[in-house]
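Trainee: Heads up: the sequence shown begins at 100 in the numbering used here, then just goes up one per residue.
Backbone N, C-alpha and C define an ideal beta-carbon position, used for all residues, glycine too.
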Amino acid sequence: MRTLAWVLACALPLAAADNSLLIRGATVHTVSGADIAGGSVLVVDGKIAEVGVKVAAPKGVRIVDAKGLHVYPGLIDSGTQMGLAEVGSVRETSDVSEIGDFNPQLRAIIAINPASEHIPVARANGITSVVSTPAGGVLSGQAALVHLDGWTWEEMEIRRSAAMVLHFPFIETGGGRRSSESRRNVPFPEAKRIYDKKLADLRGFFESARRYRQAKLAALAGFRTDVKFEAMIPVLEGKLPVAIVAERERTIREALQFAEKEKIRMILAEPREAGKLASEIKARNVPVILGPTLAAPLNEDDPYDAAYTLPAELDRAGVKFALGTFANAFSRNLPYNAAQAVAYGLPHEAGLKAITLNAAEIWGVGDQYGSIDKGKWADLMVTDGDPLEVRTQVKQVFIHGREIGLDNKHLRLYQQHTKRP
Numbered sequence: 100m101r102t103l104a105w106v107l108a109c110a111l112p113l114a115a116a117d118n119s120l121l122i123r124g125a126t127v128h129t130v131s132g133a134d135i136a137g138g139s140v141l142v143v144d145g146k147i148a149e150v151g152v153k154v155a156a157p158k159g160v161r162i163v164d165a166k167g168l169h170v171y172p173g174l175i176d177s178g179t180q181m182g183l184a185e186v187g188s189v190r191e192t193s194d195v196s197e198i199g200d201f202n203p204q205l206r207a208i209i210a211i212n213p214a215s216e217h218i219p220v221a222r223a224n225g226i227t228s229v230v231s232t233p234a235g236g237v238l239s240g241q242a243a244l245v246h247l248d249g250w251t252w253e254e255m256e257i258r259r260s261a262a263m264v265l266h267f268p269f270i271e272t273g274g275g276r277r278s279s280e281s282r283r284n285v286p287f288p289e290a291k292r293i294y295d296k297k298l299a300d301l302r303g304f305f306e307s308a309r310r311y312r313q314a315k316l317a318a319l320a321g322f323r324t325d326v327k328f329e330a331m332i333p334v335l336e337g338k339l340p341v342a343i344v345a346e347r348e349r350t351i352r353e354a355l356q357f358a359e360k361e362k363i364r365m366i367l368a369e370p371r372e373a374g375k376l377a378s379e380i381k382a383r384n385v386p387v388i389l390g391p392t393l394a395a396p397l398n399e400d401d402p403y404d405a406a407y408t409l410p411a412e413l414d415r416a417g418v419k420f421a422l423g424t425f426a427n428a429f430s431r432n433l434p435y436n437a438a439q440a441v442a443y444g445l446p447h448e449a450g451l452k453a454i455t456l457n458a459a460e461i462w463g464v465g466d467q468y469g470s471i472d473k474g475k476w477a478d479l480m481v482t483d484g485d486p487l488e489v490r491t492q493v494k495q496v497f498i499h500g501r502e503i504g505l506d507n508k509h510l511r512l513y514q515q516h517t518k519r520p
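1) Would you list the one or two residues that DSSP bridges to GLU149?
2) When DSSP labels each residue in this structure, what does PRO340 get in the three-state scheme?
3) Would THR232 pass as a contact of ALA210 if the rule is Cβ separation under 8 Å?
4) For ILE351, does the three-state DSSP call read helix, strand or coil?
5) Determine the direct distance from the alpha carbon of TYR513 to that of ASN284, and round the result to whole angstroms.
6) Spell out a yes or no on whether the segment 437-446 and the segment 151-163 are touching, meaning 3 or more CB-CB pairs, one atom from each, closer than 8 Å.
7) If you drop the 5 nearest sequence neighbours on each side, which residues of the same chain put their C-beta closer than 6 Å to that of ASP194?
8) Counting beta carbon pairs with one atom in the segment 256-265 and one in the segment 332-343, are three or more of them shorter than 8 Å?
9) Helix, strand or coil for GLY374 per DSSP?
10) So for MET480, helix, strand or coil by DSSP?
11) Note down, one range per segment and in chain order, each alpha helix (DSSP H) of at least 4 residues found wholly within the segment 196-235.
12) Within the chosen definition, does the segment 422-429 reach the segment 175-191 through at least 3 CB pairs nearer than 8 Å?
13) Might you give, ordered along the chain, the residues of its own chain that have their beta carbon closer than 6 Å to the beta carbon of VAL481, omitting 5 neighbours on each side?
14) Give a yes or no on whether the C-beta atoms belonging to ILE461 and PRO434 are separated by under 8 Å.
15) What three-state label does DSSP hand SER281 in the structure shown?
16) Suppose you measure from the CA of PRO172 to the CA of GLU348; what does that come to, to the nearest Å?
17) I need the boundaries of the alpha helix (DSSP H) containing HIS509, first residue and last residue.
18) Start and end of the beta strand (DSSP E) containing ARG258?
19) Taking the straight line between their C-alpha atoms, what separation do you get for GLY417 and ILE380?
20) Tell me whether SER119 sits in a helix, a strand or coil according to DSSP, three-state version.
21) CA-CA distance, VAL230 and GLU197?
22) Comparing alpha-carbon positions, which option in PHE420, GLN467 and GLY463 lies nearest GLU448?
23) Assign ASP506 to buried or exposed, taking buried as 16 or more other Cβ atoms, counted over all protein chains shown, within 10 Å of its Cβ.
24) Here's a check: name, in chain order, each residue in its chain whose Cβ is nearer than 7 Å to the Cβ of LEU422, leaving out the five neighbours to either side.
25) Out of TYR311, ASP325, GLU353 and GLU346, which has the shortest C-alpha to C-alpha gap to LEU335?
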């Protein structure tokens, strides 16, 4: 009798053959170098084997005729909760946070739902990978860098621990987006007291984690494992970066000082007022994950285009940055956030890098993803134009050299209602 294992074993070689192909005749946008008109990309076993004008196809390799089309690296959304939250108003579909202020041991990747309807919608617009981040408390847990394809989270995994997420404490007496105190219109003295306590608790937690590490290294008698402090060891050793969420100028400055004092590798996330500290961010060599540019001003007296021009300000200061949508339902709009920044002063090349190569380098996988170069994984998209243009259509998407179907809920609804009598 043939077992299920036998059937699967027989199917594996056939599936493996799907990740070798030659895309030819397209304009290849490598991102890391010059564009190649009439170029070809050879993919063997899921990796880019050759890029150029005259590339021969090995016998039996599938050929994709892309004459008149464009090939770009797959896009990377550096800020989402993809797979962790489905319907915002239905609590049962959200698994983004746990109770308590300090949960560094939590890993977002194990909670990701590979069947989320948000995944194929984003993928259909060329987004091949995302950073999925936990929320809640101060130390929320570990963000994951994942592909938007796979039956399980293990198959989706690129980096199961891309960064530790820290929501830096801040003083907010009204109008804040994340502060529970702000909704109660807390007087400044009370808000300051709450802030001071949270900051003291945060520093105390880092100090306790450092002492735990020292005790473990010393193999002290009676040493007992603590999962929270165990999760902090890679942070303290500089192996795992800390994505510190800090929105306003004062919070950003204090976060930078905190990272320097604690000697941790910092990634600055969602800094709405980073332009005011661009030179300091550059001096400390801190990479930045900007939130959506398609956003209203943070303050009432800000210029209307404050969010639009922020990427250009950081680019002029020499700060390395990437873009994140920080909204599952609008992850598909990632290229248009880059386009908005380009329309307001950011060079086109920098806008494209912010959603490809820069993102890959910031998350520590620049040697594997983010550009079309020999030896990198073949995360690619074939389009009929510039992906930063709204009218551009994504024709094909490849993840690790395998073509991924573009069917999604939005497309099905469109087709359904266009046929309505």
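Mentor: Here's the rundown:
1) LEU141
2) coil
3) no
4) helix
5) 44 Å
6) no
7) LEU183 and ALA210
8) yes
9) helix
10) strand
11) 217-222
12) yes
13) ALA165, LEU168, VAL170, LYS494 and GLN495
14) no
15) Low confidence applies to SER281: its pLDDT is 43, below 50, so where it sits in the model is not reliable, and the reading given next is rough at best. Helix at SER281.
16) 34 Å
17) 508-517
18) 256-266
19) 9 Å
20) coil
21) 19 Å
22) PHE420
23) exposed
24) SER177, LEU389, LEU433, ASN436, ALA437, ALA453 and ILE454
25) TYR311
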